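So for the sequence shown, the numbering used here puts the first residue at 2; every next one is plus one.
Notes follow once the structure below has been shown.
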Amino acid sequence: MIRSTVRGMVQRRQMSSLVNFKTLNTARVVTLNRPEKLNAINHDMCHAMLPVMQEWAKSDVANVVLMESVCAPRAFCAGGDIVLMAEALRRNLLERVDEFFQSEYTTNWMLATYPKPIVAIMDGITMGGGVGLAIHVPFRVASENTKWAMPELEIGLHPDVGVSFALPKVMTLGGQEGQLGYYLCLTGDVLTGADVYVAGLASHYVERSQHAALKERLGSVPMSNKADETFANTNAIIEEFSSPLPEGYRFKYSKDQLDVIERFFHYDVSYKELRKNLEAFASSSANSEAGRNFAKATLEKLSTKSTVSAEVTREQFRRNSQRDIQSAMKQDLITSTNLLRNNELAEFANAVIHKLVKKAKTPYQWQNTSPSVAEISKLLAADPTRPIDLLETSGVTFKNYRYHSKFTLPTEAAVQAYITGTDQSGRSMAVTRAETIKYFTEFNPVSRGKVGTEYVVNLIIERKCRVDNDSFLHWNY
């Protein structure tokens, strides 16, 4: 059984040049320092981060943790070191693969349950494992350089690092079950800049020109014995440096496109059925041209992805969206190690060689396009002959993030609750667009004064509401 304790890791720790640690007044700074690989995360990096951050969590003089990259603005973290894993598989070093996933997902779990504010500066490429370093912390700062994606289906893996737990909880747009997040994971679409913020994947939008000043101010977060106050103080500082949305900004996906995403990207239907539904929609003249074209383009994207990985992704979302964070991360660990041990089915090693070693311009040609239910179930099942678990940290777990929802843009669920009067306000009268916008921009304790609030509320109203002759809003269920 591969298992170690963080206490043992502390005793064995040697400071790694792949990750730098420093003090900035009352802040502590983690700097990813593997520029030649765009900070592709590996076992050694996680092995270095875990014990240091655990020590900081217990410190009385460390108020906030800042995560940054030495190679910004090119990249925050480009993902996991996939090539290294493929090489380990080629040499039959399966324990190294297990150790990497174990340390990576334990790091994700530790970040999600950390008792102090963590601020991740996503200045540049933030993909795969990089998303895992950021998505679980309450303060996720996007910039004009951010490029966010989960491209695992291109190489026979699945969107791991806990995103099937996180995305249904953080997305602001595209459906209240996290359909936009599910779509992003299946297609590998890249969101950039302000889109990352507007979609809820970032909590704040701060242009790079403000980062140096922001980091300096984060070193002076006021001391407090109350965690809620420390988190609120951290949020207030980041808000001071928030940048307006770019002039003329429009979200990447239009109303018609978001409608398609919300309608079809449910993880309670099989991947095969999802594609059939998109094909039927795309071929029907009763649907808008914009919607049909988007469905066709989406089908083209899906045609290049691993069907095995897609079915696994669907099941991961179905399970992990309802689980606690620890159970979700353990499920990711089981699934990932199973996928890499079943190369004939998942084709991971072959796909990595094709895409990342040979750097082929054409998509990998998948051989397994019709996996059985039994084959998919096996990939998600624990192997009793090979028990594996997360490393021991604090033991804390939860089903919902404690702080994420306190520092985000309005979600579709929040806007619906206000418009329909189910927000526990006691209000029985219908509201207008102007009243709704005023509430969220001026009175709502989470979103008042927050950059982009008016834009997001307007976007939600345009897509989800009808207006009657008296200008009152009615939610379209």
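The C-beta atom is built at its ideal place from N, Cα and C for all residues, glycine as well.
Computed from a predicted model, the values in this text were never measured in an experiment.
Candidates the options: closest to residue i by CA position
i	options	result
L105	L410, E393, E463	Checking the displayed sequence, the identity of residue 105 turns out to be Glu instead of Leu. Out of L410, E393, E463, E393 has the C-alpha closest to the C-alpha of E105.
L334	H205, S165, I262, V353	S165
T305	L19, P152, G396, R29	P152
V65	H44, L215, A167	L215
H405	A73, R75, M172, V20	M172
L219	R209, S448, Y206, E241	E241
F102	P116, K117, M86	M86
E316	Y440, D269, F295	D269
T108	L168, C47, I83, I239	C47
N343	K451, S378, R449	S378
S221	N234, T193, N369	N234
L540	A28, L39, N21	In the structure as shown, the chain begins at 2 and stops at 478. Residue 540 is therefore absent and cannot be evaluated.
R251	A200, A28, Y272	A200
A237	A298, F140, M330	F140
I119	K273, E345, A63, V261	A63
N226	A382, A49, S60	S60
V132	G182, A296, P223, E100	G182
F77	M68, V84, I83	M68
L391	E230, T338, K253	T338
K38	Y402, T27, C72	C72
V197	V261, H212, M123, D257	M123
Within 9 Å, strictly: CB atoms of residue i and residue j
i	j	result
E280	G157	no
V162	I136	yes
T314	L154	yes
S70	L95	no
V358	T114	no
A195	G453	yes
S307	W367	yes
D424	A435	no
L187	L259	no
P74	S144	yes
E413	K465	yes
A58	K117	yes
L346	P364	no
S255	Y206	no
P169	F318	yes
L134	M54	no
N351	V309	no
K253	L192	yes
Whole-number beta carbon distance between residue j and residue i, since they are thought to touch under 8 Å
i	j	result
L474	T433	6 Å
A121	A79	No, A121 and A79 are not in contact; Cβ-Cβ is about 15 Å, not under 8 Å.
G175	E263	6 Å
W110	I326	6 Å
S472	P411	With 8 Å as the limit, S472 and P411 do not qualify as a contact, their Cβ atoms being about 20 Å apart.
F282	L275	The Cβ separation is near 11 Å, so there is no contact.
L340	H44	That pair is no contact at about 18 Å.
A150	G189	6 Å
A329	N321	4 Å
T442	E455	5 Å
With 16 other Cβ atoms within 10 Å as the buried cut-off, status of residue i
i	result
P385	exposed
Y478	exposed
T409	buried
K400	exposed
T147	buried
R91	exposed
Y184	buried
M430	exposed
G427	exposed
R13	Because the pLDDT of R13 is 40, which lies under 50, any placement of that residue in the model is unreliable, and the number read from its coordinates should be weighed accordingly. Burial call: exposed.
S210	exposed
Q332	buried
T127	buried
K362	exposed
E100	buried
S18	exposed
R293	buried
D469	exposed
K356	buried
F444	exposed
T231	buried
T24	exposed
F81	The sequence given here has Gly at residue 81, not Phe. By the 10 Å Cβ count, G81 comes out buried.
CB contact check: residue i to chain D, cutoff 9 Å
i	result
H267	The question asks about chain D, but that chain is absent: this structure has only one protein chain.
Margin query: Just to confirm the assignment: which complete beta strand (DSSP E) runs, minimum length 3, are found wholly within the region 202-249?
Written below: Here no run is fully enclosed.
Notebook entry, point to check: Can you give, in chain order, each stretch of the beta strand (DSSP E) that sits fully within the region 17-58 and has at least 3 residues?
Noted result: The beta strand (DSSP E) runs of length 3 or more contained entirely in the region 17-58 are, from start to end of the chain, 20-25, 28-33.
Next item on the list: Enumerate, from N- to C-terminal direction, the unbroken alpha helix (DSSP H) stretches of 4 or more residues contained entirely within the region 343-386.
Entry: Counting only unbroken stretches of 4 or more residues, the alpha helix (DSSP H) elements lying wholly within the region 343-386 are 344-347, 349-353, 374-380, in sequence order.
Note to self: What ranges does the alpha helix (DSSP H) occupy inside the region 429-466, keeping only unbroken runs of at least 4 residues that lie completely in it?
What the structure shows: Qualifying alpha helix (DSSP H) stretches, in chain order: 434-439, 454-465.
Next item on the list: Taking only runs that begin and end inside the region 127-170, name each unbroken beta strand (DSSP E) of 3 or more residues, in chain order.
Entry: Here the runs fully enclosed are 140-143, 148-150.
Check: Where are the alpha helix (DSSP H) runs, 4 residues long or more, that stay fully inside the region 251-313, in chain order?
Finding: Counting only runs of 4 or more, we get 256-265, 272-284, 290-303.
Note to self: Extract the residue ranges of the beta strand (DSSP E) inside the region 88-126, only unbroken runs of 3 or more that lie entirely within it.
What the structure shows: Counting whole runs of 3 or more residues, the region 88-126 contains the beta strand (DSSP E) stretches 119-123.
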